[in-house]
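K.L.:
Handing you this structure, nothing more for now.
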Amino acid sequence: MKAPTSKSLKYCNEICRLGAPLVIAFLAQIGMQIVDTAMLGQLGAKALAVGALGGTIIYTLISFSAGFLSPSGVFISEMRGARNNKHIPIIIKQGLLIALILSFLFIAILYFSPFFLQFMELDKELVEQTGLYLQTLAWGLPSILIFIILRDFIVAFNYSKLVMIISLIAIPMNAILNSILMYGLFGLPELGLIGIGYSTSITRIAMLCFLVVYIASNPRICVLLRNASNHLTTFIQFKKMLTMGGSTGAMVGLEVGMFLMVTLFVGQIGVISLAAHQIASQCVSVAFAIAFGLSQAANIRVAYVKGANKAHLVPVYTYASLGLGLFCSSIIALLLVLGAKPIINLFFDSELLANQEALGLAINLLCMAAILQYFDSCQAILLGVLRALKDTFVPMLLAISSYWLLGVVSSYLLAFHMNWGTVGIWVGICLGIGASSLFAYMRYLFINQRAVAIDDDQAVILKTT
């Protein structure tokens, strides 16, 4: 099927209206992490190391959980498209049940984190402080997972601006609470590092409260949940959500794991390489916010038209999202290449003689990041479309091949056997993500053609009866 050209602006506009607030919301979450990191830096290098290690662990758990819980948004959008709103409370109830199960599991992991961290041969004090920090963050974990379920629910009904507003409010709230608990203002005890963990958890609980209050006060969406307690969880539907969620969560885990592994590779090369790698990684994570928003928007719209039996619109929204993704990636690529030096100056003084080696490497890695984010945008959008089409198991298998068999292995070989160093590692990352985007597109073409063939067969049957 050829890429659709008619009414393309209309469909691009729909994706933008839905996706833009989600992009800003995701950037706001990154903003919260930056605020925490900046304030941890005020407590010293040791606190910053604790924040880096603890933040990586909690980010991995939340990312995996978001992937695991993502099928709820697909099913809700599909039910809305089919005008079958009476089943939405069942889906939300099942999603909340999965969120609570994951919360209890991950809280246990976080509370026993010092036991696991001691096997990493880290500094004993670092292990103890990181364990305490993770235990304070554990209090906010159930709130963020429940927030994800309710967020997907309201976004499916085009309330993405609310998610943006709540996420933006969370940044100053988190900063203020950090100051109060960290320094012991207003007569409260001075908690230091632990205070930042508590303030982040309190902020996440407040975000959930804001969302619940809005839903409860909005009769248009509250009515959809009013009878949620009267619906029993159906095993078949619950099994589908677990199966899809497991595959999606595994895909997220595989990608996060790939970046963790290559970071360890970079660490073996040296401190300068690690600094340049961190700068490029931060830029890619910001660029991914746009891909994430477009992926979520494509996911919701494709699931909606699928539920409404409008399969012919699936490629329309897919190509509209891909077109927007490539357009945004082109702008970001120009910024990364032409504005490399100003970007690097945000992290260190590039004029100092001692930083010249790091400057040259960082410029090269930003050029690699410019290429990488093209692939990352395409794969994120296509995987979002495949989730909407309930195709997750095969993409998970393809992710294993792309991220690990190609990405990680080629990074290692290029860096240490061909002596390409950190640049070789980034070439390997590009190969892994690039292969993933290609496989995802091929899989999309196969699934879409099969869906069109089924629709044609059904149309023939209807005409002959």
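Under my numbering, the first residue of the sequence shown is numbered 3, with each subsequent residue one higher. Just so it is clear, CB atoms sit at the ideal spot from N, CA and C, and this is done for glycine as well. No experiment lies behind these values; they were computed from the predicted model shown.
Just the C-alpha distance for P317 and I94, rounded to the nearest angstrom, thanks.
P.N.:
Locating residue 317 in the sequence shown gives position 315, counting from the first residue. Locating residue 94 in the sequence shown gives position 92, counting from the first residue. Approximately 28 Å between the Cα atoms of the pair.
K.L.:
On the DSSP letters alone, give me the boundaries of the alpha helix (DSSP H) that A68 sits inside.
P.N.:
Here residue 68 refers to the residue found at position 66 when the sequence shown is read from its first residue. From DSSP, the alpha helix (DSSP H) with A68 extends over A47 to L71.
K.L.:
Measure the beta-carbon distance from L446 to V387 and round it to whole angstroms, keeping in mind my assumption that it falls under 8 Å.
P.N.:
The sequence position of residue 446 within the sequence shown is 444, counting from 1. The sequence position of residue 387 within the sequence shown is 385, counting from 1. Note on identity: in this sequence residue 446 is Tyr, with Leu being the wrong assignment. Y446 to V387, Cβ: 6 Å. Contact.
K.L.:
Please report how far the alpha carbon of L71 lies from the alpha carbon of E359, in whole angstroms.
P.N.:
For this step, residue 71 is matched to residue 69 along the sequence shown. For this step, residue 359 is matched to residue 357 along the sequence shown. For L71 and E359, the distance between alpha carbons rounds to 43 Å.
K.L.:
Indicate the three-state DSSP secondary structure (helix, strand or coil) for S231 in the structure shown.
P.N.:
Sequence index remark: in the sequence shown, residue 231 carries index 229 (1-based). Its pLDDT being 49, under 50, S231 is placed unreliably in this model, and the coordinates cannot settle the point.
K.L.:
To the nearest angstrom, how far is it from the Cα of L147 to the Cα of T250?
P.N.:
As a first step, residue 147 is located in the sequence shown; it is residue number 145 there, counting from the start. As a first step, residue 250 is located in the sequence shown; it is residue number 248 there, counting from the start. Between L147 and T250, the C-alpha separation is close to 15 Å.
K.L.:
For the alpha helix (DSSP H) containing G255, name the first residue and the last one.
P.N.:
Taking the sequence shown and counting its residues from 1, one reaches residue 255 at position 253. Segment F237 to I271, the alpha helix (DSSP H) holding G255.
K.L.:
Three-state secondary structure (DSSP) at G114?
P.N.:
Locating residue 114 in the sequence shown gives position 112, counting from the first residue. Reading off the sequence shown, one finds Phe at residue 114, where the question assumed Gly. The answer is coil: DSSP assigns F114 none of H, G, I, E or B.
K.L.:
Note the first and the last residue of the continuous alpha helix (DSSP H) segment covering A310.
P.N.:
Position 308 of the sequence shown, counting from 1, holds the residue named residue 310. Run containing A310: none; DSSP gives neither H nor E here.
K.L.:
Using the Cα positions of S79 and E257, report the straight-line distance between them to the nearest angstrom.
P.N.:
As a working note, residue 79 is residue 77 in the sequence shown. As a working note, residue 257 is residue 255 in the sequence shown. If you take the alpha carbons of S79 and E257, they lie about 26 Å apart.
K.L.:
When the Cα of M246 is compared with those of I36, I60 and V396, which residue comes out closest?
P.N.:
As a first step, residue 246 is located in the sequence shown; it is residue number 244 there, counting from the start. It is V396.
K.L.:
If you compare alpha carbons, which of L195, G75 and R82 is closest to G46?
P.N.:
Residue mapping note: residue 46 aligns to position 44 of the sequence shown, counting from 1. Residue L195 is the option with its Cα nearest to G46.
K.L.:
Skipping 5 residues on each side, what residues in its chain have a beta carbon closer than 8 Å to that of A49?
P.N.:
As a position in the sequence shown, residue 49 is number 47, starting the count at 1. Excluding sequence neighbours, A49 sits near L42, G43, Q131, G194 and L195.
K.L.:
What three-state label does DSSP hand T424 in the structure shown?
P.N.:
Taking the first residue of the sequence shown as position 1, residue 424 is located at position 422. Here T424 sits in helix by DSSP.
K.L.:
Using alpha carbons as the reference points, say which of I92, L99 and T424 lies closest to V273.
P.N.:
Counted from its first residue, the sequence shown places residue 273 at position 271. Selected option, being the one with the closest Cα: T424.
K.L.:
Comparing alpha-carbon positions, which option in V288, I168, D378 and L326 lies nearest K12?
P.N.:
Reading the sequence shown from its first residue, position 10 is the one you call residue 12. When only C-alpha atoms are compared, the closest one is L326.
K.L.:
Report, in whole angstroms, the separation of the C-beta atoms of G295 and A54, which I expect to be a contact under 8 Å.
P.N.:
As a working note, residue 295 is residue 293 in the sequence shown. As a working note, residue 54 is residue 52 in the sequence shown. Rounded, the Cβ-Cβ distance is 26 Å, inconsistent with contact.
K.L.:
When you compare only the Cα positions, how much space is there between S283 and A68?
P.N.:
The residue you call residue 283 lines up with position 281 of the sequence shown. The residue you call residue 68 lines up with position 66 of the sequence shown. Straight-line Cα distance between these residues: approximately 21 Å.
K.L.:
To the nearest angstrom, how far is it from the Cα of I435 to the Cα of Y113?
P.N.:
Start at 1 with the first residue of the sequence shown, and residue 435 comes out as number 433. Start at 1 with the first residue of the sequence shown, and residue 113 comes out as number 111. I435 and Y113: Cα-Cα distance of roughly 34 Å.
K.L.:
Considering Cα atoms alone, identify which of G426, I365 and L400 is closest to S412.
P.N.:
Residue numbering aside, residue 412 sits at position 410 when the sequence shown is read from its first letter. For S412, the nearest C-alpha among the options comes from G426.
K.L.:
With 16 other CB atoms within 10 Å as the buried threshold, where does V462 fall?
P.N.:
Taking the first residue of the sequence shown as 1, we reach residue 462 at position 460. Low confidence applies here, because V462 scores a pLDDT of 44, under 50, leaving its location unreliable; read the following figure in that light. By the neighbour-count rule (16 or more Cβ atoms within 10 Å), V462 is not buried but exposed.
K.L.:
I'd like to know whether the C-beta atoms of C432 and I345 end up nearer to each other than 8 Å.
P.N.:
As a position in the sequence shown, residue 432 is number 430, starting the count at 1. As a position in the sequence shown, residue 345 is number 343, starting the count at 1. Not a contact, by the Cβ cut-off of 8 Å.
K.L.:
In angstroms with no decimal places, state the Cα-to-Cα distance between F117 and R206.
P.N.:
Taking the first residue of the sequence shown as position 1, residue 117 is located at position 115. Taking the first residue of the sequence shown as position 1, residue 206 is located at position 204. Each residue's Cα considered, the two are about 26 Å apart.
K.L.:
So I168 is in the alpha helix (DSSP H); what residue range does that whole segment cover?
P.N.:
As a first step, residue 168 is located in the sequence shown; it is residue number 166 there, counting from the start. Run containing I168: S162 to Y185, per the alpha helix (DSSP H) assignment.
K.L.:
For P221, is the beta carbon positioned less than 7 Å from some heavy atom of the ligand COA?
P.N.:
Because no ligand of any kind appears in the structure shown, any question about the ligand COA cannot be addressed here.
K.L.:
For a quick check, are the C-beta atoms of A300 and I383 less than 8 Å apart?
P.N.:
Walking along the sequence shown from the start, residue 300 turns up at place 298. Walking along the sequence shown from the start, residue 383 turns up at place 381. It is a contact, given that the beta carbons lie within the stated cut-off.
K.L.:
What is the DSSP secondary structure of R85, reduced to helix, strand or coil?
P.N.:
In the sequence shown, residue 85 corresponds to position 83, counting from 1. DSSP places R85 in coil when its eight states are reduced to three.
K.L.:
Tell me the DSSP secondary structure of L226 in three-state form.
P.N.:
In the sequence shown, counting from the first residue as 1, residue 226 sits at position 224. L226: coil per DSSP, three-state reduction.
K.L.:
When you compare the CB positions of F159 and I60, do they come within less than 8 Å of one another, or not?
P.N.:
Numbered from its first residue, the sequence shown carries residue 159 at position 157. Numbered from its first residue, the sequence shown carries residue 60 at position 58. No.
K.L.:
Nearest by alpha-carbon distance to V157: which of N347, G75 and A218 is it?
P.N.:
Here residue 157 is taken as the residue at index 155 of the sequence shown, counted from 1. The shortest Cα separation from V157 among N347, G75 and A218 belongs to G75.
K.L.:
Am I right that L179 and L190 are in contact with their C-beta atoms under 8 Å? What's the rounded C-beta distance?
P.N.:
The sequence position of residue 179 within the sequence shown is 177, counting from 1. The sequence position of residue 190 within the sequence shown is 188, counting from 1. Wrong, their Cβ atoms sit about 10 Å apart, outside the cutoff.
K.L.:
For Q270, count neighbouring Cβ atoms within 10 angstroms of its own Cβ and tell me buried if that reaches 16, exposed if not.
P.N.:
Reading the sequence shown from its first residue, position 268 is the one you call residue 270. Under this definition Q270 is an exposed residue.
K.L.:
In the DSSP assignment, find the alpha helix (DSSP H) that holds Y376 and state where it starts and stops.
P.N.:
In the sequence shown, the residue the question calls residue 376 occupies position 374. Where Y376 is concerned, the enclosing alpha helix (DSSP H) stretches over Q358 to A390.
K.L.:
Using a Cβ-Cβ cutoff of less than 7 Å, which residues in the same chain neighbour M175 once the five nearest sequence positions on both sides are dropped?
P.N.:
Numbered from 1 along the sequence shown, position 173 holds the residue referred to as residue 175. So the qualifying residues of the chain are T205 and A208.
K.L.:
For N349, I'd like the list of residues in its chain whose CB is within less than 7 Å of its CB, leaving aside the five on either flank, ordered along the chain.
P.N.:
For the purposes of this step, residue 349 is taken as residue 347 along the sequence shown, with counting starting at 1. Strictly speaking, residue 349 in this sequence is Phe, with Asn absent from that position. Excluding sequence neighbours, F349 sits near I281.
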